[in-house]
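Asks:
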Amino acid sequence: MIESHSPLYDAFKSVLNTIDTQRVQELLAYMNTEAINFNLFKNNAFIERKFPFDIIPRIVSHQEFTYLEKGIKQRIYALNLFLEDIYGDQKILKDGIIPSEFVFASKAYLPSFAHTKVSKNIRVHISGIDLVKNSVGDGWVVLEDNLRVPSGVSYPLSLRILTRKVFPEFFEKLPIQSVHDYPKRLEAAMDYVNTGGINVILTPGRYNSAFYEHSYLAKQSGAVLATGEDLFVEKDKVYLKTYLGKKARVGAIYRRLDDDALDPVEFNADSLIGVPNITQAYRAGNIALMNSIGNGIADDKGIYYFVPAMIRYYMNEEPILQNAPTYLAFFEKDRQHILQNLRTLVIKDVAEAGGYGVVFGSKLSKNEREALKDAIIKEPRRFIAQEVIEFYDIECLTNEGTLSPRKADLRMFSIFSDDIFIWPCGLTRYAMDPSSYIVNSSQGGGFKDTWVLKESK
Amino acid sequence: MKVNFSYDFTLTFPESVRDHRYCLRIVPYENAIQSCSRLDILVNANTAFEQGRDGFANRFVYGTIAKPHKSLSAHIEGELELSPYVYCDEEPPALYNAPSPLVGFCALMQAFLDETTLPVSTFRKAVVLTQKIRENFTLIESTKAEGLESFLLYKEGLRNDFSHLLIALLRHVNIPARLCHGFIEGENKTHTWVEAWMDGDWRGFDPIKGIVIHDEPYVKLAHGRDFSECAIYKGSYIGKRQHILKITGQIGREEQ
């Protein structure tokens, strides 16, 4: 099923058809010279390559966006309450909504940060929720919550700027919502939780796959782009080294590195990109870290199963957005179902991210299937299984000017400050080849802009 | 029981290091059976430091020594009031029943359990396991073969290995267990032991001595799921990564 066959795309296609085909290819060639890089470490080698994009956007109607906005807000709100609870009183465990061993056995739960208070009780400052639109029943389904260090905002944002410049006719003729206030929203969110001092975006450095985004967001939000070396802890506060050899107090850090790399004293001693003892300043309440430490427990692929239950538990509401039907190998009944239906399910290793550790049962040989079964029996906590969702394709424009459909997902971003802001855009990622379901950028896929339409008058 | 204590921690580096950020878990824990009536902490003669508490309520001191140096020293002394080793706290026992960074279950442990007859009562189970470890393993002061697998293989290991093995076995029979790091009477260095959760209380077991802890003065500095969460020293510095931690001192009972 191809989403871009819907009437919603008619206006876009008719504008595209008014432009000479050869001219379109020339303009795309120009756009490609404006590199949008996605750096990768593969087999210990550093690869700097362009993140391929496609000019045909995903188009979301105003009504559909309003629905997604409500659903994501609800979800983020519940996930934030879950994190406050799990690092606090753990009521949800005491009330038996989530089996406690499920949280405690996860590597993502960091008990050494229990009872650490965070500024304004916000832990999920920035989130990226991955959804797909099910071609059966037409409903949106959440595949994954990214609550640690989600990336991707700058790709559609840069593509939007470029497209406006090269194909202004789309923006004249279609009621597309503007997206350029994202960095301003980010700035406001940093100001909101700031504990006194300047705002900083902490990057692992230029070899990181999202460095482009870090520098872009810093430039646009007015935050200082810094590496670990530029920051230091003195007494119980964090400072930035300034050019004049002086120091400036830092009150909020949008950190683009994982917990594990954040503080070589507290976490991985081998990390050269972190800030030693920054976690102590954090425990003392003197720095707001965006996102908070230990969020991994809430976007653990196993905990995902319980998000609808969290929404009911904390908010007393029915979930607006659905999860993909999921089975936890941890539960005896689910495990039997998984073992008997391995062929039709997607198996995910909860410890892996970025499209790694995702296996389609149908693509395994008999031996591989048996090996996977053994692994599931041996370590049930590590695996979840999901029904394969037949999600929509969106067409891509090939070099020959023809249309080729690809599976496409949607990552929607939110910023949590005094309210939760859902960005009226998103990163639409498509699979590298027409038969693939894996859309992760680290797996060779490309991306599209996401156009949210304004309310029709 | 009132005890006084006085300990020195010295970290020495063969070559000088700089920009040193440290975090030391050297301050006695406070709970229902252990409270501090006097406490003096000194770092590097008289350098400023900060204090904090982690999620296990372990207290720590942290700070920076920017200039090149070849040693870091800390001194603590004070007085403690200790009660018999049975108590409960606010932490969820289930946290200590799951595998942790350094403690999982392995086949060699199953073999060890297979040749052990375990009684029914939770308390007796813990006693039998504690004694069995004491009888079958030898304490050594240094080793090149680290980790639980080699401990089980060579039947000798460090203090941590004794405690980690007991923790793994207790968790395997569904008894939550955690590692404690601190001081005991008559030893000139730090010691580790195990707290196990049973009948609504934490009780202490020392697999190195093979005993259930009752009234003996065991002074806890920190606890965690395993040693990775209660090491005395954690730090980061610029210089050759090599250091030696030396601990000396004692605890003494005060006359009533």
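Chains as they are written, first to last, in my numbering: chain Y, 60 to 516; chain C, 96 to 351. Think of the CB as a built atom: it goes at the ideal place given N, C-alpha and C, for glycine as much as any other residue. On a predicted model such as this, the values are computed, not experimentally measured, just so you know.
1) By DSSP, does C:E244 sit in helix, in strand, or in coil?
2) Mind checking whether Y:I312 and Y:L261 have CB atoms under 8 Å apart?
3) What do you get for C:S195, buried or exposed, if any count of 16 or more other CB atoms within 10 angstroms of its CB means buried?
4) Which of helix, strand or coil does DSSP assign to Y:V208?
5) Measure from the C-beta of Y:N336 to each C-beta in chain C and report whether the shortest distance is under 8 Å.
6) Between Y:S476 and the rest of its own chain, which residues show a CB-CB distance below 6 Å, the 5 nearest in sequence each way excluded?
7) Using only alpha-carbon positions, find the residue among Y:I352, Y:V409 and Y:V119 that is nearest to Y:S178.
8) Measuring CA to CA, which of C:T142, C:G295 and C:L260 is closest to C:N231?
9) Entirely within the region 326 to 381 of chain Y and at least 4 residues each: give me those alpha helix (DSSP H) ranges in chain order.
10) Would you say Y:I235 and Y:L456 are within 8 Å of each other, going by their C-beta atoms?
11) Is the shortest distance between the beta-carbon of Y:R342 and the beta-carbons of chain C less than 8 Å?
12) Between the C-alpha atoms of Y:F100 and Y:F270, what's the straight-line distance to the nearest angstrom?
13) Could you give the distance in angstroms between the alpha-carbon of Y:I435 and the alpha-carbon of Y:I356?
14) Verify whether the separation of the beta carbon atoms of Y:P215 and Y:T509 is less than 8 Å.
15) Measure the Cβ-Cβ separation of Y:Q381 and Y:G198 and say whether it is below 8 Å.
16) DSSP has Y:E203 in a bridge; who is on the other side?
17) Give me the subset of the region 222 to 252 of chain Y whose CB atoms are less than 7 Å from a CB atom of chain C, sorted by chain position.
18) How many angstroms separate the CA atom of C:I121 from the CA atom of C:I136?
19) Which residue's Cα is closest to the Cα of C:H318: C:S168, C:S258, C:Y332 and C:I308?
20) Going along chain C, which residues have a C-beta under 9 Å from Y:E160?
21) Can you list the residues of chain Y that C:G330 reaches, using a CB-CB cut of under 7 Å?
22) Output needed in chain order: residues of the region 288 to 299 of chain Y with a Cβ under 9 Å from some Cβ in chain C.
23) Quick one: Cα of Y:E391 to Cα of Y:K153, how far?
24) Using the beta-carbon count (16 or more within 10 Å), is C:R336 buried or exposed?
25) With 7 Å as the C-beta to C-beta threshold (strictly closer), list the residues of the region 110 to 135 of chain C near chain Y in chain order.
26) Looking only at its own chain, which residues have a Cβ that is under 7 Å from the Cβ of Y:E514, when we skip the five neighbours before and after it?
27) Take C:R348 and list the residues in its own chain whose beta-carbon comes closer than 6 Å to its own, dropping the five residues that flank it on each side.
28) If I'm right that Y:K407 touches Y:I443 with Cβ under 8 Å, what's the distance once you round it to whole angstroms?
29) Assuming C:K250 and C:T233 form a contact by the criterion Cβ under 8 Å, report the distance between their Cβ atoms to the nearest whole angstrom.
30) I need the DSSP call for Y:D289, collapsed to helix, strand or coil.
31) Below 9 Å on C-beta distance, what does Y:L152 contact in chain C?
32) Taking the alpha-carbon of C:P312 as reference, which of C:I279, C:G199, C:F218 and C:K329 has the nearest alpha-carbon?
33) From the DSSP output, read off the bridge partner residues of C:V138.
34) Can you list the residues of chain Y that C:Y180 reaches, using a CB-CB cut of under 8 Å?
35) Which first and last residues belong to the beta strand (DSSP E) in which C:K341 is found?
36) Is it buried or exposed for Y:R371, if we count other Cβ within 10 angstroms and need 16 for buried?
Replies: Based on what the coordinates show:
1) In the three-state reduction of the DSSP assignment, C:E244 falls in the helix class, which pools H, G and I.
2) Yes, the pair counts as a contact, with Cβ atoms nearer than the cut-off.
3) Around the beta carbon of C:S195, a 10 Å sphere encloses 16 or more other beta carbons of the protein chains shown; the residue is thus reported as buried.
4) Reduced to three states, the DSSP call for Y:V208 is coil.
5) It does; some Cβ of chain C falls within 8 Å.
6) The beta carbon of Y:S476 is closer than 6 Å to those of A247, A248 and Y251 in its chain, skipping five residues each way along the sequence.
7) Nearest option by C-alpha distance: Y:I352.
8) Looking at the Cα atoms, C:L260 is the closest of the given residues.
9) If we require 4 residues or more, the alpha helix (DSSP H) runs fully inside the region 326 to 381 of chain Y come out as 337 to 342 and 366 to 374.
10) With respect to Y:L456, Y:I235 sits apart: the two C-beta atoms are not nearer than 8 Å.
11) Yes, Y:R342 counts as interfacial toward chain C.
12) Model confidence at Y:F100 stands at a pLDDT of 49, short of 50, so the residue's coordinates are unreliable and nothing is read from them.
13) When only Cα atoms are considered, Y:I435 and Y:I356 end up about 21 Å apart.
14) It is a contact, given that the beta carbons lie within the stated cut-off.
15) For the pair Y:Q381 and Y:G198, the CB atoms are nearer than the 8 Å cut-off.
16) Note: Y:E203 sits in a beta bridge opposite Y:D189.
17) Residues of the region 222 to 252 of chain Y with a C-beta atom less than 7 Å from some C-beta of chain C do not occur.
18) Taking C-alpha positions only, C:I121 is separated from C:I136 by approximately 9 Å.
19) The shortest C-alpha separation from C:H318 is found at C:S258.
20) Residues of chain C whose Cβ lies closer than 9 Å to the Cβ of Y:E160 are, in chain order, A189, N192 and A193.
21) For C:G330, the neighbours in chain Y by C-beta distance under 7 Å run, in chain order, V324.
22) Residues passing the 9 Å Cβ filter: F291, V292, E293, K294 and D295.
23) Going from the Cα of Y:E391 to the Cα of Y:K153 covers about 22 Å.
24) Per the 10 Å Cβ criterion, exposed.
25) Cβ contacts with chain Y come from R116 and C118.
26) Once the five neighbours on either side are set aside, the close Cβ partners of Y:E514 are H121.
27) In the same chain as C:R348, and ignoring 5 residues on each side of it, the C-beta atoms closer than 6 Å to its own belong to V98, in chain order.
28) Contact between Y:K407 and Y:I443 holds: their C-beta atoms lie close to 5 Å from each other, under 8 Å.
29) With a Cβ gap of about 6 Å, C:K250 and C:T233 count as contacting.
30) In this structure, Y:D289 counts as helix in the three-state DSSP scheme.
31) Taking the beta carbon of Y:L152 as reference, the chain C residues within 9 Å of it are P187 and A189, listed in sequence order.
32) Taking C:P312 as reference, the option from C:I279, C:G199, C:F218 and C:K329 with the minimal CA-CA separation is C:I279.
33) C:V138 pairs with C:A169.
34) In chain order: nothing, as chain Y lies at least about 23 Å away.
35) I339 to R348 is the extent of the beta strand (DSSP E) around C:K341.
36) With fewer than 16 Cβ atoms within 10 Å of its Cβ, Y:R371 is classed as exposed.
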